[in-house]
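A.B. asks: Residue numbers (my numbering): 516 to 885.
Here it is, the structure, as structure tokens.
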Ligand SMILES: *Cc1c(COP(=O)(O)O)cnc(C)c1O
């Protein structure tokens, strides 16, 4: 007979069986952060360089004194405000702890073991992870050389096992948007029981008139789901608020599998404060300034001799191939953190004017080096 203590010691070698899909997960590599005390421009995570609005900080402070209570489980006030903002019924809006959580929830509502999820590649690196966690199989379709999605190829990749198609527009990290016409063609070609998710994380930065009107698509196609976030244009990345816009039936299903109380009380208060008309005006003025900064950076890069994909987001993409990691290290040495994807390219966020200027100097050096 083993004593209780010996039995416990036997359990120190870790043999718990993990799901094979989990053991094989690719790691999510977040954008690099400066070490404590290190002064680097952080252009590695597509964050908004502006701090929260004073009125939003006030709402956060007020909510902070109420955190002994659970939040409103369904975030009813926030859902109502988002529904009004978007122009749909509240029953069509589901919120979550960032849109990556909403993505996980919608996949778990429709993907059974071995079902296929079609998405472009390279695209948002959370996609393959979320699909594997949901038990699904990733079917990737290469983006064109100019960074645009190949929607006909994505439609052609659909099989009887396909449950979801993810359309990232603008595509992170390459930057271009899909056009309304080509998205309509995809929707016409795809069976009505396949969910088509349009990930609009960078919607507010889009200035291309041929971009699709996602809300109109949700109204006309019951299988379209929009994914949106307050992390980028609204500058609330640290508080985690994202949402889906879907048909009432799909919204119900996503809600049913969502983490209870998934959006914290403080996050709900900050999001609500950000949707007030006065806050909207201030936030959209900041977005306009970032879009102007994007135009300035893109024009300066073109003058340096770069021919890059057309960005409608708050970042630019450099398809540098095998030189990627070395270039990222050079940028860091020059005081700028960028986001490299080994062997593929690097993504550089649009930040403060000084940060962008520091990066432009680095990019000029790369051109000079050939
Ligand atoms: C940043 C981003 C998101 C949003 O993430 P949150 O979880 O809402 O912070 C979603 N999709 C894409 C493509 C992104 O780049």
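No residue lacks a Cβ here, since even glycine has one placed at the ideal position from N, Cα and C.
Hey, how far is the Cα of residue 719 from the Cα of residue 850?
C.D. replies: Approximately 28 Å between the Cα atoms of the pair.
A.B. asks: Which residues mark the beginning and the end of the beta strand (DSSP E) in which residue 864 is found?
C.D. replies: 860-864 is the span of the beta strand (DSSP E), which, as asked, contains residue 864.
A.B. asks: In terms of residue numbering, what span does the beta strand (DSSP E) encompassing residue 803 cover?
C.D. replies: Note, residue 803: premise wrong, no beta strand (DSSP E); alpha helix (DSSP H) at 792-819.
A.B. asks: Look up residue 592 in the DSSP assignment and say whether it is helix, strand or coil.
C.D. replies: Residue 592 falls in the helix class under three-state DSSP.
A.B. asks: Do residue 653 and ligand 1 come close, with the Cβ less than 6 Å from some heavy atom?
C.D. replies: Checking the Cβ of residue 653 against ligand 1 gives no.
A.B. asks: Kindly list the residues whose CB is nearer than 6 Å to the CB of residue 596, restricted to its own chain and excluding five residues on each side of it in sequence; keep chain order.
C.D. replies: Excluding residues within five positions, the ones whose Cβ falls inside 6 Å are 787 and 790.
A.B. asks: Verify the contact flag: residue 546, CB atom, against every heavy atom of ligand 1, threshold strictly below 6 Å.
C.D. replies: False, no ligand heavy atom lies under 6 Å from that Cβ.
A.B. asks: So residue 697 is in the alpha helix (DSSP H); what residue range does that whole segment cover?
C.D. replies: Run containing residue 697: 695-704, per the alpha helix (DSSP H) assignment.
A.B. asks: In three-state terms, what does DSSP make of residue 673?
C.D. replies: Of the three classes helix, strand and coil, the one that applies to residue 673 here is coil, per DSSP.
A.B. asks: With residue 847 as the anchor, note down where its alpha helix (DSSP H) starts and where it stops.
C.D. replies: 839-848 is the span of the alpha helix (DSSP H), which, as asked, contains residue 847.
A.B. asks: Along the chain, which unbroken stretches of the beta strand (DSSP E) at least 3 residues long are found entirely within the region 699-787?
C.D. replies: Listed in chain order, the complete beta strand (DSSP E) runs (minimum 3 residues) inside the region 699-787 are 710-714, 739-744 and 757-760.
A.B. asks: With a floor of 3 residues, list each beta strand (DSSP E) that falls wholly inside the region 612-642, ordered by position along the chain.
C.D. replies: The region 612-642 contains these whole beta strand (DSSP E) runs: 631-636.
A.B. asks: According to DSSP, is residue 528 helix, strand or coil?
C.D. replies: Coil.
A.B. asks: Under DSSP, the beta strand (DSSP E) around residue 653 begins and ends at which residues?
C.D. replies: Segment 652-657, the beta strand (DSSP E) holding residue 653.
A.B. asks: Just list the residues that DSSP pairs residue 556 with in beta bridges.
C.D. replies: Residue 556 is bridged to 851.
A.B. asks: Residue 623 to residue 846, Cα distance in whole Å?
C.D. replies: Distance between the alpha carbons of residue 623 and residue 846 is about 39 Å.
A.B. asks: In terms of DSSP beta bridges, what is residue 544 paired with?
C.D. replies: According to DSSP, which records beta bridges pairwise, residue 544 is partnered with nothing at all.
A.B. asks: Just to confirm, is the Cβ distance from residue 824 to residue 691 under 7 Å?
C.D. replies: In contact: residue 824 and residue 691 (Cβ atoms closer than 7 Å).
A.B. asks: According to DSSP, is residue 835 part of a helix, a strand, or is it coil?
C.D. replies: Correct three-state label for residue 835: coil.
A.B. asks: Can residue 721 and residue 600 be called in contact, C-beta distance under 7 Å?
C.D. replies: For residue 721 and residue 600, no; Cβs fall outside 7 Å.
A.B. asks: Just checking my contact of residue 651 with residue 673 at CB under 8 Å: how many whole Å lie between their CB atoms?
C.D. replies: Rounded, the Cβ-Cβ distance is 14 Å, inconsistent with contact.
A.B. asks: Taking the alpha helix (DSSP H) that residue 692 falls in, what are its first and last residues?
C.D. replies: Counting along the chain, residue 692 falls outside any alpha helix (DSSP H), and DSSP gives it neither H nor E.
A.B. asks: Tell me whether residue 586 is buried or exposed, calling it buried when 16 or more other Cβ atoms sit within 10 Å of its Cβ.
C.D. replies: Under this definition residue 586 is a buried residue.
A.B. asks: Are there any heavy atoms of ligand 2 lying less than 6 Å away from the beta-carbon of residue 802, as far as the coordinates show?
C.D. replies: In terms of ligand content, the structure shown lacks ligand 2 and carries ligand 1 instead.
A.B. asks: Residue 720: beta carbon under 6 Å from a heavy atom of ligand 1?
C.D. replies: Not so, every heavy atom of ligand 1 lies at least 6 Å from the Cβ.
A.B. asks: Kindly identify the DSSP beta-bridge partner or partners of residue 679.
C.D. replies: Note: residue 679 sits in a beta bridge opposite 632 and 710.
A.B. asks: Is residue 603 helix, strand or coil by DSSP?
C.D. replies: The answer is coil: DSSP assigns residue 603 none of H, G, I, E or B.
A.B. asks: Quick check on residue 564: buried or exposed, where buried means 16 or more other Cβ atoms within 10 Å of its Cβ?
C.D. replies: So residue 564 counts as buried.
A.B. asks: Compute the distance between the beta-carbons of residue 760 and residue 615, then report whether it is under 7 Å.
C.D. replies: No. Outside cutoff.
A.B. asks: Could you work out which residue in 716, 764 and 763 is closest to residue 745 when comparing CA atoms only?
C.D. replies: The shortest Cα separation from residue 745 among 716, 764 and 763 belongs to 716.
A.B. asks: Between residue 815 and the rest of its own chain, which residues show a CB-CB distance below 8 Å, the 5 nearest in sequence each way excluded?
C.D. replies: Correct list, in chain order: 875.
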